[in-house]
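The next block holds one structure in the form of structure tokens; read it before the comments.
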């Protein structure tokens, strides 16, 4: 403990140097940087989207006034305190009624969609949700804007600099590492489901769904119980499967689409049809045709294509999951009891469609229209699971981040950096390459005005001790305690307050000791020392 305290004091003493050096590194990158995983070079657009919002549901449970903005890492505290659980920050969305707590929280996250995108493409159904429900702007979003990293921040209340899941994969020691794979199926910090199951016991229902295996498990509690159910989309089976969930909630895309006209899934597209469009399945070509409006040309999504199939599977399964929760006798019994439950749906397919076809493509626009029609239906059905005792959050995680990947690839090839561009917006360099020099050259060649990119090398800051400092666990007893600039700033403030107080006290003592006796105070006049040379 003493060694750890000494190291913190040394860090604080150097704080003024560290903070000044890191001034060139944006706060977004600092919050998203984790040593060994974040890459050697990070490219960030100069016009980073700032339109992430959170819509609240459960009007009879919510406070009449909500904050206009909120840091993204405070969302978990708001949700946990709604159920009477402790949080690190005093954030609460619901009325403070200890005898009438909600017993269901649902969290729906849509990546690749922000408030600006809603306005740009006239997604009037989601726009109505924003206007008819309390909406809070989410701030302090870390960069890179990886869906997994941001979802884990929502669930745990920690930035990637702390929880460590900076992306779905990264390069470490020359090998590609995948997040939440193998034996490590959870983040290093507790999430909402953890808090619920540890506070209220194993009877809490904790359900999470995503097309991504890693993101699905990121929302699940660390300790698996009989009521822990995590479902992800298996591209080979074309089905949502689970390693620990109820078989009643398993679902196959192929067995559903052939009966689509006879199922209640058509309700997802009611709003498209009301607007003069249509969505229908073409069995001969094994594809869906989406016509988003009366004058729009049909867009085809093939079920044989992994990206297209994942888009439709996410929406179909979300609706199917909610229906099964409402109709299955055993699941409904668990939801209707007095124990709080959690349902988390995380949609990632919009990003995948945009990356494959382009964010101005007809496929991406058609996918937006599908979500515009489906999201209001899904959130309404979730609220009906516990009509008078639920709170819910719809998080639009922000418009897509657009990078000039072609310009980056050309520069990487021109400089013979031999880097895998599959990790963009970060790249990993060979150990033989000086990352600081490579970064400077890339920064000069990728002009901000022409490419719209800013280039950063966090490693150069780390090497100088200005961004992140990792305490030696073998000496201090700590376990990978990562010290960020924000913590250093706090210690620096404490240091300077202490130094200021010490020097103020010292100046006071010296002043009193040097006072002339004829100008002495009453206090000193009573304790004056008689000296032979003074009268």
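Residue numbers (mature numbering (1 follows the signal peptide of the UniProt record, and there is no 0)): -23 to -1, 1 to 512. The C-beta atom is built at its ideal place from N, Cα and C for all residues, glycine as well. Just so we're clear, the structure is a prediction, and the values are computed from it rather than from any experiment.
What residue from 146, 481, 377 and 372 has the CA that sits closest to residue 112's CA?
Here the closest residue by C-alpha is 372.
So the alpha helix (DSSP H) residue 382 belongs to, where does it begin and stop?
Where residue 382 is concerned, the enclosing alpha helix (DSSP H) stretches over 382 to 391.
Beta-carbon within less than 8 Å of residue 279's beta-carbon, same chain only, minus the 5 sequence neighbours each way: which residues are those?
262, 263, 264, 285 and 286
I'd like the list of long-range same chain contacts for residue 116, defined as Cβ closer than 6 Å, with 5 residues on each side in sequence excluded.
Only residues of its own chain outside the window of five on either side were considered, and among them 46 and 48 have a CB closer than 6 Å to the CB of residue 116, listed in chain order.
Could you give the residue range of the beta strand (DSSP E) that holds residue 148?
146 to 149
Could you give the distance in angstroms between the alpha-carbon of residue -17 and the alpha-carbon of residue 13?
Confidence in residue -17 is poor, its pLDDT being 49 and thus under 50, which makes the residue's placement unreliable; the coordinate value appears in the next sentence. Rounded to the nearest angstrom, the two C-alpha atoms are 22 Å apart.
So, helix, strand or coil for residue 218, using DSSP?
strand
What's the C-alpha gap between residue 173 and residue 317?
7 Å
Closer than 6 Å by C-beta to residue 179: which residues in its own chain qualify, once you throw out the five before and the five after it? Chain order, please.
202
Could you check the C-alpha separation between residue 514 and residue 404 for me, to the nearest Å?
It is not possible to answer for residue 514, since the shown part of the chain is limited to -23 through 512.
Please state whether DSSP places residue 98 in a helix, a strand or coil.
Of the three classes helix, strand and coil, the one that applies to residue 98 here is coil, per DSSP.
Cβ of residue 487 versus every heavy atom of the ligand GTP: is any distance shorter than 7 Å?
Because no ligand of any kind appears in the structure shown, any question about the ligand GTP cannot be addressed here.
At the level of alpha carbons, what is the spacing between residue 431 and residue 55?
34 Å
Which residue marks the beginning of the alpha helix (DSSP H) containing residue 333, and which one marks its end?
326 to 334
Does DSSP put residue 40 in a helix, in a strand, or in coil?
coil
With a threshold of 8 Å on Cβ separation, who are the neighbours of residue 212 within its own chain once the five nearest residues in sequence on each side are excluded?
283, 286 and 287
Out of 107, 85, 84 and 83, point me to the one whose CA is closest to residue 93's CA.
107
Once DSSP output is grouped into helix, strand and coil, what is the label at residue 378?
Residue 378: coil per DSSP, three-state reduction.
Distance, Cα to Cα, residue 276 vs residue 192?
28 Å
What's the C-alpha gap between residue 251 and residue 351?
13 Å
Could you tell me which of 387, 76, 104 and 290 sits nearest to residue 91, measuring between CA atoms?
104
Beta strand (DSSP E) containing residue 294: first to last residue?
Element bounds for residue 294: not the beta strand (DSSP E) but the alpha helix (DSSP H), 283 to 304.
Would residue 325 be called buried (16 or more neighbouring beta carbons within 10 Å of its own) or exposed?
buried
What did DSSP end up calling residue 54 once you bin it into helix, strand or coil?
In the structure shown, residue 54 sits in a helix (DSSP, three-state: H, G or I).
So residue 225 and residue 301 are in contact, right, with Cβ under 8 Å, and what is the actual spacing, rounded?
6 Å
If you draw a straight line from the C-alpha of residue 34 to the C-alpha of residue 360, how long is it?
8 Å
Classify residue 469 as buried or exposed, calling it buried when 16 or more other Cβ atoms lie within 10 Å of its own Cβ.
Residue 469 comes out buried.
Going by DSSP, name the residue or residues bridged to residue 20.
432
Restricting to Cα atoms, I'd like to know which of 26, 479, 78 and 69 is closest to residue 514.
The requested residue 514 does not occur in the structure, where the chain is confined to residues -23 to 512.
Look up residue 153 in the DSSP assignment and give the residues it is bridged to.
Beta-bridge pairing links residue 153 to 148.
Grab the span of the beta strand (DSSP E) containing residue 141 for me, first residue to last.
Here residue 141 belongs to no beta strand (DSSP E), and DSSP marks it neither H nor E.
Rounding to the nearest angstrom, what Cα-Cα distance links residue 429 and residue 20 in this structure?
10 Å
Is it the case that the Cβ atoms of residue 52 and residue 131 are separated by a distance below 8 Å?
Yes; because the gap between Cβ atoms is below 8 Å, this pair is in contact.
Looking at the strands, I want to know which residues DSSP matches up with residue 257.
266
Do you know whose CA, among 333, 110 and 376, lies nearest residue 43's CA?
110
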